[in-house]
Amino acid sequence: MYNCERNPQLNDLDKILFTEKQIQERIQALGIEINNHYQNQEFVLISVVNGAIPFTADLMREIHSPVYFDSIRASSYNHSTNSNGSPILLDRLNIGIANKDVLIVDDILDTGLTLSCIINEIVQQKPKSIKTCVLLNKIARRQIDLTADFVGFDIPDEFVVGYGLDFAEKYRTLPCVGILNPDFLNPPSWS
Ligand code: XMP
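Numbering-wise, the numbering used here puts 399 at position 124 of the sequence shown, and it's gapless, one number per residue.
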């Protein structure tokens with residue numbers, strides 16, 4: 276297994292919230308929950324990229340159902356730690372989801388603005404069902420009444436990075452999730 280301790284980006288974290296081992300164990304449990312729900316029936320898995328790439332890659336290999344895969348890209352943070360309140364879908368789905376069961380996989384449910392924007396887009400294509408799965412659930416900042424169906428971990432109101440989550444496109448490759456030291460938020464070079 277890759278040794279997280281040797282990654283210099285770890286020095287930018289105040290605290291590791293979830294180690295690689297804890298994340299992988301939780302994903303195995305999520306896979307069981309999802310398999311119990313779908314009972315080997317096929318469904319469409321839609322990954323919200325880029326943030327959900329590592330989570331999706333690990334989760335999809337725990338799933339027994341035949342899965343059709345697609346991704347969707349949304350943006351709202353623009354190199355800051357606060358959503359600007361109006362997520363934009365940067366691309367559209369390539370596969371048809373009408374009358375199909377759909378599972379949306381995202382890295383984090385924070386304000387809920389992004390996921391609700393994606394759900395609104397998907398609903399218009401008349402799927403049979405929509406379920407959501409997020410690795411992290413930051414309840415404190417929710418602006419939309421939205422609860423994910425499958426949740427990896429509840430987290431405190433802190434800006435977290437790693438395992439797909441970025442700040443200005445950094446830290447996505449860390450295999451753990453941690454709280455970013457505020458000194459590394461909005462450094463002068465990015466303002
Ligand atoms: P919302 O607020 O719309 O957030 O639910 C969804 C998207 O915003 C990003 N996000 C974060 N990224 N650390 C990050 O690195 C965070 O603490 C954080 N909170 C939200 C993320 O891309 C997510 O899909």
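Beta carbons: idealized from backbone N, C-alpha and C, even for Gly. Note that the structure is predicted; figures quoted are calculated from it, not measured.
CA-to-CA distance, residue j to residue i, given in whole angstroms
i, j, result
"D458", "L288", "10 Å"
"S466", "V436", "Because the pLDDT of S466 is 41, which lies under 50, any placement of that residue in the model is unreliable, and the number read from its coordinates should be weighed accordingly. Going by the C-alpha atoms only, they are around 20 Å apart."
"K403", "Y313", "13 Å"
"S340", "N310", "7 Å"
"I379", "K406", "6 Å"
"S322", "G453", "22 Å"
"Q297", "Q400", "36 Å"
"N395", "C451", "31 Å"
"V377", "N456", "36 Å"
"E317", "I370", "14 Å"
"S391", "R336", "26 Å"
"L449", "N286", "11 Å"
Any non-hydrogen atom of the ligand XMP within 6 Å of residue i CB
i, result
"V409", "no"
"D333", "no"
"I347", "no"
"D441", "yes"
"F459", "no"
"D376", "no"
"L421", "no"
"D432", "no"
Assumed close pair residue i, residue j - CB separation to whole angstroms, cut-off 8 Å
i, j, result
"F425", "E308", "6 Å"
"L334", "P362", "In fact, because the Cβ distance is near 22 Å, the residues do not count as touching under 8 Å."
One or two residues paired with residue i in a DSSP bridge
i, result
"K406", "L378"
"N310", "According to DSSP, which records beta bridges pairwise, N310 is partnered with nothing at all."
"F293", "V452"
"Y343", "V319"
"V435", "I454"
"K445", "F442"
"S350", "I363"
Quick check: the segment 407-422 against the segment 442-451, are there 3 or more CB pairs under 8 Å? Result no; under three Cβ-Cβ pairs closer than 8 Å.
Answer yes if the segment 323-332 comes into contact with the segment 279-292, meaning at least three C-beta pairs across the two stretches below 8 Å, and no otherwise. Contact fails: fewer than three Cβ-Cβ distances are below 8 Å.
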